[in-house]
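J.:
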Amino acid sequence: MELTIMNAAEFKKMFKAGADRLMQNVDLVNSLNVFPVPDGDTGTNMNMTFQSGVAKMQESSSQKVHDLALNLSKGLLMGARGNSGVILSQIFRGFYQAIKDEEELDSQSFTNAFLGGVESAYKAVMKPVEGTILTVARESALRGQQKAESTDNLVEIMRSIVKGAQEALDKTPDLLPVLKQVGVVDSGGKGLLCIYEGFLMALTGEVIEDEPGQTSDHAHAMFEEVNEHPLSMDEITYGYCTEIMVRIGQGETVIKDFDYDEFRQVLNTKGDSLLVVADDEIVKVHIHTENPGLIMQLGQEFGELIKIKVDNMREQVRGLEGQEEALKGAKVPKPSQEDSEYAIIAVASGQGLVDLFQSIGVTEVLQGGQTMNPSTEDFVKAIERANARNIILLPNNKNIVMAAQQAAEVSETPTVVVPTKSITQGISTLLMFNPDQTIEANQQAMSEYAQTVDYGQITNAIRDTQIDAIQIKKDDYMGILNGDIVLAHADLAQALEELVEQMVDEDSELVTVIVGEDGDEATVEAVEDQVLARYPDLEFEVIQGDQPVYHYFVSVD
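Be aware that the sequence shown starts at 1, since it is given in the UniProt record's numbering, and climbs by one per residue.
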């Protein structure tokens with residue numbers, strides 16, 4: 001089959017087939033997890049994200065490809081769930097940006113779209129890791145570009161993209177050590193391959209058969225988390241945290257058309273911590289700079305300023321000196337109906353945890369966590385419901401952080417994310433919240449404190465495997481410390497006791513255990529007796545959290 005020009009109808013058909021192919025493989029991708037924990041949700045997140053984008057695209061009756069791609073991009077942005085969903089949304093945001101002037105696609109614009117997706121995705125990840133979906137996206141796009149040099153047939157170009165994606169996926173264990181150790185490949189890349197296979201199936205009418213036994217040959221690779229480092233006066237190179245929002249093409253100061261890449265490149269020379277988010281109407285900028293006025297002038301060159309915010313970070317650091325020790329023992333004030341200066345939105349699952357967060361000052365608890373990642377849109381709606389002048393988001397799960405950050409970027413209300421990776425980190429960071437401080441100062445203090453909180457979890461294994469030197473049998477109870485599996489036992493009490501023993505030392509004062517729906521307080525009491533025999537000065541606090549998946553959450557202070 002030969003196709004040299006893709007019209008809107010063919011574009012719709014291609015993306016619908018990509019969504020169908022991914023949906024058919026959700027269970028496969030979900031089951032492909034490096035760690036044998038019952039929370040593999042990469043496939044679910046990617047599927048729900050992509051379905052949201054395709055549904056938005058289907059709403060358009062336009063006969064122009066760029067209109068369909070715009071709707072697709074917006075649907076993906078608001079529907080993005082989990083890290084994999086956010087990255088997927090960024091791939092197809094870049095896809096749209098590359099073809100935003102095209103009514104139909106030829107071989108050049110078709111390959112440019114895939115290349116644009118790669119550029120956008122790499123920009124979205126602060127610390128890109130090879131051997132993941134990023135690698136698969138890049139290598140497949142380059143293969144398509146190479147094929148386009150010898151043919152203008154979009155079918156053959158797409159066939160090369162799929163082949164490049166498969167080969168890149170097969171090589172991910174050579175790039176990411178944890179994959180090689182377990183003997184698997186990346187599931188985010190597998191999900192993207194499924195979408196691209198659907199594209200090809202739509203163009204050819206062929207059915208791509210799954211290879212026998214592929215379930216055991218693939219897995220999900222975790223993105224390396226970026227540590228948040230506390231600011232000191234010496235670490236501040238650019239002293240003014242500056243945010244502007246510009247309405248493109250409006251106002252008396254416009255002297256040029258908006259070009260995202262050109263604008264971002266200019267801003268890159270004016271400071272650090274740069275974030276630029278734009279659509280066809282609005283561009284939002286966050287930057288640390290020494291010259292806020294210049295940033296505003298640059299924005300006014302292509303539109304009118306509709307929001308301005310400047311904070312002196314050096315002054316904030318001065319105000320934080322000596323504050324940490326005083327705040328550690330302070331109780332978090334609960335916001336009242338009349339006080340809407342701040343709202344704190346946290347993510348948790350389980351009625352006990354919901355009640356706990358609300359009792360210590362959280363305005364709204366979004367239901368979610370493992371296997372239930374809230375979307376960007378879920379966060380945005382919660383921000384709107386909060387009706388406060390400043391919003392703080394506590395994702396409480398490393399797979400929800402990126403969706404929260406994306407919501408903060410698109411929100412018109414000043415919103416920051418404290419990148420908490422666990423429920424216990426989220427609870428502890430609330431001790432650092434001070435309603436009399438700026439939102440940036442609160443973000444810094446809470447993020448800094450989160451890094452000091454060790455978090456333990458107990459859950460069961462869904463299959464046999466080996467992680468480092470730890471032999472794990474299906475249904476074993478695994479102890480996870482700061483995201484790493486550190487033990488596995490057939491006996492639940494033994495697993496919990498050993499995890500607590502690894503977390504406490506002579507200086508520890510308090511052990512907090514949050515009991516899930518599959519845990520019980522009797523087991524905690526038995527463990528408490530054993531631990532107190534060795535550490536008699538310790539205190540135990542037991543909270544009924546009712547959380548799914550994890551029998552116990554543990555923290556030590």
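Positions of the beta carbon are idealized from the N, C-alpha and C atoms, including for glycine.
S109 and Q90 look like a contact to me (Cβ under 8 Å); what is the Cβ gap, rounded to whole Å?
T.: Not quite, the Cβ-Cβ distance comes to about 20 Å (not below 8 Å), so this is no contact.
J.: Any beta-carbon of chain D closer than 8 Å to the one on E509?
T.: Of the chains in the structure shown, none is chain D; there is only one protein chain.
J.: Taking C-alpha atoms, which residue in L510, E304, T465 lies nearest to N284?
T.: Sequence check: residue 284 is Lys here, not Asn. Out of L510, E304, T465, E304 has the C-alpha closest to the C-alpha of K284.
J.: In the structure shown, what three-state DSSP assignment does A388 receive?
T.: If DSSP states are grouped into helix, strand and coil, A388 belongs with coil.
J.: How would you write the range of the beta strand (DSSP E) that A348 sits in, first residue to last?
T.: 342 to 348 is the extent of the beta strand (DSSP E) around A348.
J.: Under three-state DSSP, which class holds Y550?
T.: In this structure, Y550 counts as coil in the three-state DSSP scheme.
J.: Alpha carbon to alpha carbon, how far is A382 from A407?
T.: Each residue's alpha carbon lies about 10 Å from the other.
J.: Classify K190 as buried or exposed, calling it buried when 16 or more other Cβ atoms lie within 10 Å of its own Cβ.
T.: Buried, because 16 or more other Cβ atoms sit within 10 Å of the Cβ of K190.
J.: At which residues does the beta strand (DSSP E) containing M57 begin and terminate?
T.: M57 -> not in any beta strand (DSSP E); alpha helix (DSSP H) instead, spanning 42 to 58.
J.: Measuring alpha carbon to alpha carbon, tell me which residue in V418, P177, D507 is nearest A403.
T.: When each option's Cα is compared against that of A403, the closest is V418.
J.: Given 8 Å as the limit, is there contact between the region 380 to 399 and the region 62 to 70, that is, 3 or more CB pairs closer than that?
T.: Touching, no.
J.: Check whether the region 11 to 19 and the region 192 to 199 are in contact - that is, three or more C-beta pairs closer than 8 Å.
T.: With a cut-off of 8 Å, the region 192 to 199 and the region 11 to 19 count as touching, because enough Cβ pairs lie within range.
J.: Less than 6 Å between C-beta atoms, sequence neighbours within five positions excluded: which residues of the same chain meet that for N397?
T.: The residues are G369.
J.: Is there contact between the region 518 to 538 and the region 497 to 504, where contact requires at least three CB pairs shorter than 8 Å?
T.: Yes, the region 518 to 538 is in contact with the region 497 to 504.
J.: Excluding the 5 residues preceding and the 5 following K13 in the sequence, name in chain order all residues of the same chain whose CB lies nearer than 6 Å to its CB.
T.: A202.
J.: Let me know the secondary structure DSSP gives A488 once reduced to three states.
T.: Here A488 sits in strand by DSSP.
J.: For the putative contact between G516 and D546, defined by C-beta atoms under 8 Å, what is the C-beta separation to the nearest angstrom?
T.: Confirmed, Cβ separation roughly 7 Å.
J.: By the 10 Å Cβ neighbour count, where 16 or more other Cβ atoms means buried, how is T269 classified, buried or exposed?
T.: Its Cβ having fewer than 16 others within 10 Å, T269 is exposed.
J.: Is it right to say P377 is buried, meaning 16 or more other beta carbons lie within 10 angstroms of its own, or is it exposed?
T.: According to the sequence displayed, residue 377 carries Glu and not Pro. Result: buried.
J.: Taking all protein chains shown into account, decide if G205 is buried (16 or more other Cβ within 10 angstroms of its Cβ) or exposed.
T.: Exposed, because fewer than 16 other Cβ atoms sit within 10 Å of the Cβ of G205.
J.: When the Cα of Q451 is compared with those of L77, T424, M372, F379, which residue comes out closest?
T.: Answer by Cα proximity: T424.
J.: Identify whether E521 lies in helix, strand or coil by the three-state DSSP scheme.
T.: Helix at E521.
J.: Let me check understanding here. Comparing Cα to Cα, which of Y96, F92, F95, G53 lies closest to M78?
T.: Of the candidates Y96, F92, F95, G53, the one whose C-alpha sits nearest the C-alpha of M78 is G53.
J.: Consult DSSP for Y196 and reduce its assignment to one of helix, strand or coil.
T.: Three-state DSSP puts Y196 in a helix.
J.: To the nearest angstrom, report how far apart T111 and N83 are at their CA atoms.
T.: Rounded to whole angstroms, T111 to N83 spans 25 Å at the Cα level.
J.: Return the CA-CA distance between T253 and E301, expressed in angstroms with no decimal places.
T.: Taking the straight line joining both Cα atoms gives about 6 Å.
J.: If L356 sits next to I543, beta carbons under 8 Å apart, how far is it from one beta carbon to the other, in whole angstroms?
T.: About 6 Å; that satisfies the 8 Å criterion.
J.: How long is the line joining the alpha carbons of L76 and Y260, rounded to whole angstroms?
T.: Those two C-alpha atoms are separated by around 20 Å.
J.: Tell me the residue span of the alpha helix (DSSP H) that contains D174.
T.: That run of the alpha helix (DSSP H) goes 154 to 175.
J.: Using beta-carbon positions only, say whether I244 and M313 come within less than 8 Å of one another.
T.: Their beta carbons are not under 8 Å apart, which means I244 does not touch M313 by this criterion.
J.: Would a C-beta distance cut-off of 8 Å place L154 and L193 closer than the cut-off?
T.: Result no, Cβ atoms of L154 and L193 do not sit closer than 8 Å.
J.: With 16 other CB atoms within 10 Å as the buried threshold, where does E156 fall?
T.: With 16 or more Cβ atoms within 10 Å of its Cβ, E156 is classed as buried.
J.: Taking just the CA atoms, how far does Q457 sit from E341?
T.: About 34 Å.
J.: For T429 versus M446, is the C-beta distance shorter than 8 Å?
T.: Yes. Within cutoff.
J.: Taking the alpha helix (DSSP H) that F114 belongs to, which residues open and close that run?
T.: Run containing F114: 107 to 124, per the alpha helix (DSSP H) assignment.
J.: Select from Q443, I345, D505, G271 the residue whose C-alpha is nearest the C-alpha of R534.
T.: When only C-alpha atoms are compared, the closest one is D505.
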